[in-house]
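Before any comments, here is the structure.
Number of protein chains: 2
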Amino acid sequence: MGNENITIADVAAALGVSKTTVSRAISGKGRIGDATRQRVLAYIEEHNYRPNVIAKGLAQSVTFNICVVMPDDYVLVDLPFFHEVIVGIQETASENGYDILLCVSRENETGHLRRILDNRKVDGVILLRTFLKDLHIELLQEKKIPFVTAGSTLYRNTTQVDNDHSSACAELTLLLLSRGFRRIALFGGAESFVVTQSRLLGYHEAFAQALIDEVPELIFMNLDREAADAAVETAISRQAECILCMDDMLCSQVLGKLRMLQVSVPEEMCVASYYNSSVLSHNVPDITSLSFNERELGKEACRLLLEQLAGADAPKKLLLSYQIVEGSSTCR
Amino acid sequence: MGNENITIADVAAALGVSKTTVSRAISGKGRIGDATRQRVLAYIEEHNYRPNVIAKGLAQSVTFNICVVMPDDYVLVDLPFFHEVIVGIQETASENGYDILLCVSRENETGHLRRILDNRKVDGVILLRTFLKDLHIELLQEKKIPFVTAGSTLYRNTTQVDNDHSSACAELTLLLLSRGFRRIALFGGAESFVVTQSRLLGYHEAFAQALIDEVPELIFMNLDREAADAAVETAISRQAECILCMDDMLCSQVLGKLRMLQVSVPEEMCVASYYNSSVLSHNVPDITSLSFNERELGKEACRLLLEQLAGADAPKKLLLSYQIVEGSSTCR
DNA sequence: CTGAAAGCGCTTACAG
DNA sequence: CTGAAAGCGCTTACAG
Numbered sequence: 101m102g103n104e105n106i107t108i109a110d111v112a113a114a115l116g117v118s119k120t121t122v123s124r125a126i127s128g129k130g131r132i133g134d135a136t137r138q139r140v141l142a143y144i145e146e147h148n149y150r151p152n153v154i155a156k157g158l159a160q161s162v163t164f165n166i167c168v169v170m171p172d173d174y175v176l177v178d179l180p181f182f183h184e185v186i187v188g189i190q191e192t193a194s195e196n197g198y199d200i201l202l203c204v205s206r207e208n209e210t211g212h213l214r215r216i217l218d219n220r221k222v223d224g225v226i227l228l229r230t231f232l233k234d235l236h237i238e239l240l241q242e243k244k245i246p247f248v249t250a251g252s253t254l255y256r257n258t259t260q261v262d263n264d265h266s267s268a269c270a271e272l273t274l275l276l277l278s279r280g281f282r283r284i285a286l287f288g289g290a291e292s293f294v295v296t297q298s299r300l301l302g303y304h305e306a307f308a309q310a311l312i313d314e315v316p317e318l319i320f321m322n323l324d325r326e327a328a329d330a331a332v333e334t335a336i337s338r339q340a341e342c343i344l345c346m347d348d349m350l351c352s353q354v355l356g357k358l359r360m361l362q363v364s365v366p367e368e369m370c371v372a373s374y375y376n377s378s379v380l381s382h383n384v385p386d387i388t389s390l391s392f393n394e395r396e397l398g399k400e401a402c403r404l405l406l407e408q409l410a411g412a413d414a415p416k417k418l419l420l421s422y423q424i425v426e427g428s429s430t431c432r
Numbered sequence: 101m102g103n104e105n106i107t108i109a110d111v112a113a114a115l116g117v118s119k120t121t122v123s124r125a126i127s128g129k130g131r132i133g134d135a136t137r138q139r140v141l142a143y144i145e146e147h148n149y150r151p152n153v154i155a156k157g158l159a160q161s162v163t164f165n166i167c168v169v170m171p172d173d174y175v176l177v178d179l180p181f182f183h184e185v186i187v188g189i190q191e192t193a194s195e196n197g198y199d200i201l202l203c204v205s206r207e208n209e210t211g212h213l214r215r216i217l218d219n220r221k222v223d224g225v226i227l228l229r230t231f232l233k234d235l236h237i238e239l240l241q242e243k244k245i246p247f248v249t250a251g252s253t254l255y256r257n258t259t260q261v262d263n264d265h266s267s268a269c270a271e272l273t274l275l276l277l278s279r280g281f282r283r284i285a286l287f288g289g290a291e292s293f294v295v296t297q298s299r300l301l302g303y304h305e306a307f308a309q310a311l312i313d314e315v316p317e318l319i320f321m322n323l324d325r326e327a328a329d330a331a332v333e334t335a336i337s338r339q340a341e342c343i344l345c346m347d348d349m350l351c352s353q354v355l356g357k358l359r360m361l362q363v364s365v366p367e368e369m370c371v372a373s374y375y376n377s378s379v380l381s382h383n384v385p386d387i388t389s390l391s392f393n394e395r396e397l398g399k400e401a402c403r404l405l406l407e408q409l410a411g412a413d414a415p416k417k418l419l420l421s422y423q424i425v426e427g428s429s430t431c432r
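So, in structure tokens, the structure goes:
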């Protein structure tokens, strides 16, 4: 309605008060008479006044932007994860008047993030991926920019949010053990990832807790596509009852290989996964797996960042819960 | 090195010149002595001065941000497309000093974009998806915000970039015809999508150009998962020689169904696709398909938007080229 | 070629 | 409770 560019000065003039007063009425900061505040608020509402966030930011030295760093080089299967987390971040960001500035960057290429920080375009950063040696983290720590990692990191003094992989994996493994499985083949990805270590830990914990001996010859780690195919045959020959995959990429690879070998699931081989992305969502039979809430993870990451911006407490690590999804892929 | 927050005033004071002069040296606008400019530039370089983009923006009424609107509700197979386009956008955006403000939104839910526009946080917008009735487009036109669509739209006065689907589909179809295929089954998605129409057009054009009659009973449109499975059986019973899929989702569905039916590709049935995402990239045999450069699409979309921001010409529509990838899935 | 001054649209001590 | 004034860090007519 009407001119979209009415400023605080216009409002002040129209109401015969000072800009200071208008500003206070809007922000709620500073003493102001109740009647005056109402009058200003009413006028603002009626004339559809929109504060200029940029100007506000300049005066307060804030931008109301948070930077989300997402991978350029990604594995296809991870994309839905990143996307869901971003949706979660946006949800709590926008509730708090913040927007997302996107920074797509390759492993440890910090140029783009550095430019954004140098230009002071964001108040804080969320990293969607981390590495053992992580130049993004080092840059942020050096520049003392508040940040949160979605996923775990071993860097000290870092606020991080992650799924509770190790507990989840332990619980799923315990479920299988309680169902009577003993020869459970574990198929894992690169051991250099922090998340792989967490999952492995959960696996071990379950056996320890159940007082059952692991079968070392059934543990296959650092599997790529080809190695996974070969491992399926090996697992079969070693009489595995169940193949437990660390992620869905591996799992769909395993399912494909079993189909090719005409080994039926679950009659001849049971299958379960430590993860549950949409890649597997329409599988027949439905796969016993773990379900994490990635959107929630994004929301929590954002919430922790906003907390830091509001005056940080000590850095903290938050682990999110999960659900076990028991499907018919492990029926016997 | 040293204090990171040196301002234009500091530089001016240190050099005994005015802020005006410093500003001119940096921007290159306005008359300034060569010696003075060099002196300023040298000082700036040495002391690692970084202009405050926000302040600059406030003075010039620009933000150096472009908003990228991406879907919240997506089909898994489309995610890599969006991601690649964004990477392309970022590339040319950052070359020109712009950053990406992300807006994830559901079909025709304009609330989030509206907030961003009301807050004047961006100079222009790129839409990664469009609808026949598109409230985002209508909002942008109403507010007179420069924007570009990645993908075609029928809205008038709209700058758009798209892959040249119809030409590409025509050419691929012609290739199949020239290889002697006559009974080509077409498997298509929802006819309400603009892109589906373009592809259909290409299919028709090819037959017309080759002066060969189409086989209407082999054209299957509006296929969902289940319908696609059924259509495979129908196509076989109607003695199709080749199944031509409009997208990779359909194609991987078709391949799965053929495998299930123990129909070998290409010996018993040839397969081709009007698209080529990473979903099919490791398929055996390799699928004859079309290859588009999505990153380039993003770069062009961004370039066109920046052109508009620099003082728009007339709206234009840009069609990007493609490549035919002939794989062994259509060998006979 | 260079500078003083006003302005972009807000906020915030400091006075009253 | 309210306001005049300075300030955030830049740009840009307008003079000289």
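Chains as they are written, first to last, in this note's numbering: chain Y, 101 to 432; chain S, 101 to 432.
Here a beta-carbon is modelled for each residue, glycine too, at the ideal position from N, C-alpha and C.
Here the structure is a predicted model, which means the values were calculated and not measured.
Item, Value
"Cα-Cα, which of Y:Tyr-375, Y:Tyr-374, Y:Leu-344 and Y:Asn-376 is closest to Val-365 of chain Y?", "Y:Leu-344"
"Give me the residue from Y:Ile-245, Y:Lys-357 and Y:Ser-421 with the minimum Cα distance to Cys-269 of chain Y.", "Y:Ser-421"
"Is the beta carbon of Ala-250 of chain Y less than 9 Å from the beta carbon of Ala-401 of chain Y?", "yes"
"Once the 5 residues before and after Ala-340 of chain Y are set aside, which same chain residues still bring their CB inside 8 Å of it?", "Arg-283, Ile-284, Ala-285, Leu-318 and Met-369"
"Any beta-carbon of chain Y closer than 9 Å to the one on Thr-163 of chain S?", "yes"
"If you reduce the DSSP assignment to three classes, tell me which class Met-170 of chain S lands in.", "strand"
"Along the chain, where does the beta strand (DSSP E) that runs through Phe-287 of chain Y open and close?", "284-287"
"Sort Y:Thr-258, Y:Val-384 and Y:Thr-296 by Cα distance to Ser-267 of chain Y and report the nearest one.", "Y:Thr-296"
"Just to confirm before moving on: does the CB-CB distance between Pro-385 of chain Y and Cys-431 of chain Y stay below 9 Å?", "yes"
"Once you ignore the five residues that flank Asp-413 of chain S on each side, which residues in its own chain have a CB closer than 8 Å to its CB?", "Glu-407"
"Any residues in the region 187-204 of chain Y with a beta carbon nearer than 7 Å to a beta carbon of chain S? Which ones, in chain order?", "Val-187, Gln-190, Ser-194, Asp-199, Ile-200, Leu-201, Leu-202 and Val-204"
"Using 9 Å as the limit for Cβ to Cβ distance, is Gly-157 of chain Y near chain S?", "yes"
"Using the rule of at least 16 other Cβ atoms within 10 Å of the residue's Cβ for burial, across every protein chain shown, is Arg-220 of chain S buried or exposed?", "buried"
"Could you check what DSSP says for Val-117 of chain S in three-state terms: helix, strand or coil?", "coil"
"Rounded to whole angstroms, what is the Cα-Cα separation between Leu-390 of chain Y and Ala-330 of chain Y?", "25 Å"
"Would you say His-147 of chain Y faces chain S, with C-beta separation under 9 Å as the test?", "no"
"Pick helix, strand or coil for Thr-210 of chain S, following the three-state DSSP scheme.", "coil"
"May I have the straight-line CA-CA distance separating Ser-123 of chain Y from Ala-159 of chain Y, to the nearest angstrom?", "12 Å"
"What do you get for Ala-142 of chain Y, buried or exposed, if any count of 16 or more other CB atoms within 10 angstroms of its CB means buried?", "exposed"
"Spell out a yes or no on whether the region 249-264 of chain Y and the region 224-235 of chain Y are touching, meaning 3 or more CB-CB pairs, one atom from each, closer than 8 Å.", "yes"
"What I want to know is whether the C-beta of Thr-107 of chain Y ends up closer than 8 Å to one or more non-hydrogen atoms of the ligand GTP.", "The model depicted lacks the ligand GTP and carries no ligand whatsoever."
"Where does Ser-421 of chain Y sit, in a helix, a strand or coil, going by DSSP?", "coil"
"Using 9 Å as the limit for Cβ to Cβ distance, is Lys-416 of chain S near chain Y?", "no"
"Would you call Lys-399 of chain S buried or exposed, if buried means 16 or more other Cβ atoms sit within 10 Å of its Cβ?", "buried"
"On the DSSP letters alone, give me the boundaries of the alpha helix (DSSP H) that Gln-309 of chain Y sits inside.", "294-310"
"For a minimum of 4 consecutive residues, which ranges assigned as the alpha helix (DSSP H) are wholly contained in the region 131-169 of chain Y?", "134-146 and 153-160"
"Roughly how many angstroms lie between the CA atoms of Gly-288 of chain Y and Tyr-303 of chain Y, to the nearest whole one?", "11 Å"
"Alpha carbons only, please: which of Y:Ile-387, Y:Val-294, Y:Phe-247 and Y:Ala-310 is nearest the one belonging to Thr-273 of chain Y?", "Y:Ala-310"
"Is the region 202-209 of chain Y touching the region 163-176 of chain Y, taking contact as three or more C-beta pairs under 8 Å?", "yes"
"Using the three-state DSSP reduction, which class does Thr-388 of chain Y fall into: helix, strand or coil?", "strand"
"Any chance you could list the beta strand (DSSP E) runs of at least 3 consecutive residues sitting entirely within the region 198-266 of chain S, in chain order?", "199-205, 224-227, 247-250 and 259-263"
"Classify Ala-328 of chain Y: buried if its beta carbon has 16 or more other beta carbons within 10 angstroms, exposed otherwise.", "buried"
"Find the nearest neighbour of Val-261 of chain S within the set S:Ser-337, S:Asp-234, S:Pro-316 and S:Leu-404, judged by alpha-carbon distance.", "S:Leu-404"
"May I ask you to report which of helix, strand or coil DSSP gives Phe-281 of chain S?", "coil"
"Can you tell which of S:Glu-314, S:Met-321 and S:Asp-264 has its C-alpha closest to the C-alpha of Ser-292 of chain S?", "S:Met-321"
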